[in-house]
Amino acid sequence: MSNVRVHRPFLSAVVIAAAFAAIGSLSACRGSHQQDANADAARSVYVPVGKWDKYYAFLSGGQAGTVLVYGIPSGRLIRSIPVFEPRAQYGYAIPGTKTYEMLKASGPLWGDSHHPALSETNGDYDGRWLYINDKANTRVARIDLKRFETAAIATIPNFQAAHGTSVVPPDTKYVIVNGEFLAEPDKSHGVDVAAYKAGMAFLDPITLQTRFEVLVPGNCDINDASKDGRWAFSTDYDTEKGLSVEDMIRNDEDAIAAIDIPAAEEAISKGEFTSMGGTKVIDPTRTTKKVLYMIPVPKNPHGCDVSPDGKYVAASGKLSPTVTLIDISKIDKVKNLRDAIAAQPEVGMGPLHTTWDGRGNAYTSLFIDSQIVKWNVARAVAGDPNYVIDRMDVHYNPGHTYAALGRTRHPSGDYLLALNKLSKDMFIPVGPSMPESQELIDISGDKMRMLLDFPAEPEPHDAAFIRVSDLAPKVAQVEQPGPDAIAEGKSRIEQVGPHEYHVYMTVIRSKFGLDAFTVHQGDKVTITLSNIETVKDMTHGFALEDYGINLAIDPGQTREVTFIADKPGTHWYYCTWFCSALHLEMRGRMLVETAGQQEAHR
Ligand code: RUQ
Ligand code: CUA
């Protein structure tokens with residue numbers, strides 16, 4: 031391997047702080063001589079009024095625990111899907127609702143979402159599910175793309191900090207989620223440093239139950255799986271098992287962990303596991319068949335990305351200016367795992383993530399150099415020194431980068447998104463905290479072409495695109511009323527217990543099924559609302575004054591909320607979605623009588 035450099039300019043602890051710190055101000059690329067190029071770029075991303083974008087882009091909402099949905103190429107924000115945080119707007123996780131019970135049962139009402147992963151069939155996106163992790167509370171969620179709603183949330187047992195998230199191709203056999211931080215699996219006895227573990231969890235794609243886990247020496251950062259479903263990969267930046275920065279960067283070499291999935295399944299079937307936290311945990315040092323291969327890569331690697339042809343997994347070096355390409359077919363065949371390294375091209379400073387255009391080129395984000403570098407895989411593997419094809423400055427310090435459909439077998443090779451960590455002077459100031467900047471780059475030609483920047487709330491860590499033509503036809507807009515739907519004329523209040531009422535109401539322009547209903551202070555009240563509209567985009571809301579309740583009921587949907595009527599008096603409920611000229615009049619009253627008033631009625 032003539033192209034493997036022996037003397038790599040590793041970053042010492044001292045220079046890391048300086049190198050990762052802020053870099054310069056807006057580059058000269060925005061000068062007036064750029065006017066023609068700017069007009070061309072604007073034309074490329076302009077989507078005329080009433081026309082649709084080409085892609086849905088799902089960006090993780092970071093510390094908001096949401097998923098942001100943008101149209102590409104326009105960069106228009108179309109929706110944000112609440113996942114790990116309540117959202118009154120959509121009636122999501124409002125106390126008293128089913129979604130609240132789901133979120134509350136899984137942990138805190140907040141999350142740190144990083145890595146959206148789309149479900150696949152035959153190695154391509156099937157538009158069914160979107161998975162997203164919550165690093166802060168070791169959870170993962172499944173979003174139903176028919177409704178763009180969170181359908182399931184599960185906690186990953188035994189590990190701490192659910193980080194890398196991806197699906198096992200070709201048919202989403204498992205969702206794989208990494209446990210990043212070393213910690214004791216069982217916290218009921220307090221601190222137990224000797225028991226610290228990290229590893230990878232393999233989840234059922236529907237229930238999100240952890241089927242099994244594989245322990246990895248060190249930690250697990252970002253993951254991916256081979257296109258044939260044989261291997262799960264994770265970067266491991268802490269093979270030192272260090273508990274401080276200094277210790278984590280002590281060695282110049284860390285690893286990519288490769289888990290042989292069929293070997294792990296065989297270990298499970300032979301009983302070679304321990305039961306822990308309600309799941310089966312494989313210690314790969316105790317299996318008859320080899321489950322784990324630790325392939326050495328330089329220093330503190332981050333991104334872990336399988337090439338679309340399924341030949342290579344790339345570890346982006348982070349503290350090494352290289353990307354290590356591992357020949358997947360060699361992993362279980364070579365004696366020395368270093369011989370599975372196909373190339374180690376030097377690409378620039380601070381490589382974080384690598385993505386692909388399907389034409390044999392890779393694109394790596396360079397955090398420190400503040401660039402996207404385009405390089406040719408075949409040339410790097412052949413030892414041709416001219417593997418770098420192009421470099422593009424981005425603003426500033428990119429984290430993830432994603433080329434359209436780059437994680438499938440068939441990347442489309444048209445757009446690339448740079449997800450930049452700092453925006454500095456890119457946007458009008460909005461206080462000391464600035465938005466993050468996304469930059470859309472045309473990668474269809476030899477040279478990259480900057481098209482557009484658009485801000486996002488902190489902090490999108492990763493993106494996944496799906497073609498609008500592949501998803502839009504599957505999206506529900508008017509739901510078929512379910513068995514629990516309330517038919518027109520059937521609005522009513524029923525007493526279901528000595529201190530319990532159930533209110534059933536239809537909603538349609540511009541009236542709630544009941545103008546008023548009466549309960550008594552302290553009663554348990556359940557309100558079921560059915561939107562009986564049959565036209566799209568006719569959502570109604572249900573906000574109840576003084577009770578902290580707001581629901582959104584889409585056409586054909588039925589929604590429910592339960593609460594204790596603890597505040598006496600008149601409480602108007604009103605529609606929160608402006609639905610007609612009589613929207614303001616669309617309201618009614620919940621009358622809560624005191625015990626004394628109830629007595630007087632007898
Ligand atoms: S990590 S870029 Cu989850 Cu790369 Cu953020
Ligand atoms: Cu219904 Cu406004």
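The numbering used here numbers the first residue of the sequence shown as 31 and each following residue consecutively.
Think of the CB as a built atom: it goes at the ideal place given N, C-alpha and C, for glycine as much as any other residue.
Cross-strand partners of residue i (DSSP beta bridge)
i: Pro187; result: For Pro187, which the question treats as bridged, DSSP gives no partner whatsoever.
i: Leu449; result: Gln468
i: Tyr226; result: The partner list for Tyr226 (beta bridge, DSSP) is empty, contrary to what the question assumes.
i: Thr556; result: His532 and Thr592
i: Arg479; result: Asp472
i: Arg117; result: Tyr122
i: Trp261; result: Asp290
i: Thr151; result: Asp154
i: Asn391; result: Asn406
i: Lys310; result: Phe242 and Ser305
i: Ser143; result: Gly92
i: Cys334; result: Ala345
i: Pro488; result: Paired residues: none, contrary to the question.
i: Leu107; result: Tyr100
i: Val207; result: Thr195 and Ala231
i: Asp83; result: According to DSSP, Asp83 bridges with nothing at all.
i: Asn323; result: A quick correction: the sequence has Tyr, not Asn, at residue 323. Paired residue(s): Ala288.
Three-state secondary structure (DSSP) of residue i
i: Met616; result: coil
i: Gln239; result: coil
i: Ile458; result: coil
i: His440; result: coil
i: Ala48; result: The pLDDT assigned to Ala48 is 44, lower than 50, so where the model puts this residue is not dependable, and the model offers no usable value.
i: Arg497; result: strand
i: Ala515; result: coil
i: Met422; result: strand
i: Ser601; result: Sequence inspection shows His at residue 601; the Ser mentioned does not correspond to that position. Looking at His601 - three-state DSSP - the assignment turns out to be strand.
i: Asp66; result: helix
i: Glu623; result: strand
i: Pro503; result: helix
i: Arg434; result: It is worth fixing the name first, because residue 434 is Ala in this sequence and not Arg. Reduced to three states, the DSSP call for Ala434 is coil.
i: Val549; result: strand
i: Ala135; result: helix
i: Glu196; result: In the sequence under discussion, the amino acid at residue 196 is Ser, which differs from the Glu named in the question. In the structure shown, Ser196 sits in a strand (DSSP, three-state: E or B).
i: Arg177; result: coil
i: Leu273; result: coil
i: Ile562; result: coil
8 Å Cβ cutoff met for residue i and residue j
i: Ala448; j: Ile402; result: yes
i: Val170; j: Ala184; result: yes
i: Val198; j: Ile186; result: no
i: Gly9; j: His532; result: Shown here, the chain extends from 31 to 632; a query on residue 9 therefore has no answer.
i: Glu150; j: Thr384; result: no
i: Val113; j: Val97; result: yes
i: Arg589; j: Gly121; result: yes
i: Arg617; j: Thr600; result: no
i: Phe211; j: Ala191; result: yes
i: Asn208; j: Asp251; result: yes
i: Ile579; j: Ile124; result: yes
i: Leu452; j: Tyr426; result: yes
i: Glu327; j: Asp362; result: Correcting the residue type first, residue 327 is Val in the shown sequence and not Glu. No, they are not a contact pair.
i: His145; j: Ile173; result: no
Residue from the options with nearest C-alpha to residue i
i: Ala517; options: Glu623, Glu563 and Phe114; result: Glu563
i: Asp483; options: Ser305, Thr304, Pro428 and Leu349; result: Pro428
i: Lys227; options: Glu243, Arg260, Asp254 and Pro235; result: Glu243
i: Ala392; options: Trp405, Gly220 and Leu382; result: Trp405
i: Tyr445; options: Asp423, Asp387, Gly413 and Tyr426; result: Asp387
i: Tyr577; options: Thr431, Gly586, Val591 and Asp584; result: Val591
i: Asp201; options: Phe211, Arg260, Thr240 and Ala231; result: Arg260
i: Asp282; options: Glu295, Ser274 and Asp268; result: Asp268
i: Lys84; options: Gly92, Ser74 and Gln93; result: Ser74
i: Thr309; options: Leu245, Asp335 and Glu276; result: Leu245
i: Leu501; options: Ala410, Gln119, Leu160 and Ser467; result: Leu160
i: Lys176; options: Met464, Val508 and Ser560; result: Val508
i: Thr195; options: Val221, Ser143 and Ala224; result: Ser143
i: His550; options: Ala166, Lys597, Trp607 and Arg117; result: Lys597
Residue-level contact to chain D via CB, residue i, 8 Å cutoff
i: Ser305; result: No chain D appears in the structure shown, which is made up of a single protein chain.
At least three beta-carbon pairs within less than 8 Å, the stretch 527-539 to the stretch 495-509: no
The stretch 349-356 contacting the stretch 368-383, beta-carbon criterion three pairs below 8 Å: yes
Meets three-Cβ-pair contact criterion under 8 Å: the stretch 101-109 and the stretch 151-162: no
Meets three-Cβ-pair contact criterion under 8 Å: the stretch 287-295 and the stretch 320-328: yes
At least 3 beta-carbon pairs within less than 8 Å: the stretch 510-524 vs the stretch 568-584: no
Cβ pair count under 8 Å reaching 3, the stretch 300-307 against the stretch 339-352: no
Three-pair Cβ contact test at 8 Å for the stretch 213-220 versus the stretch 235-242: no
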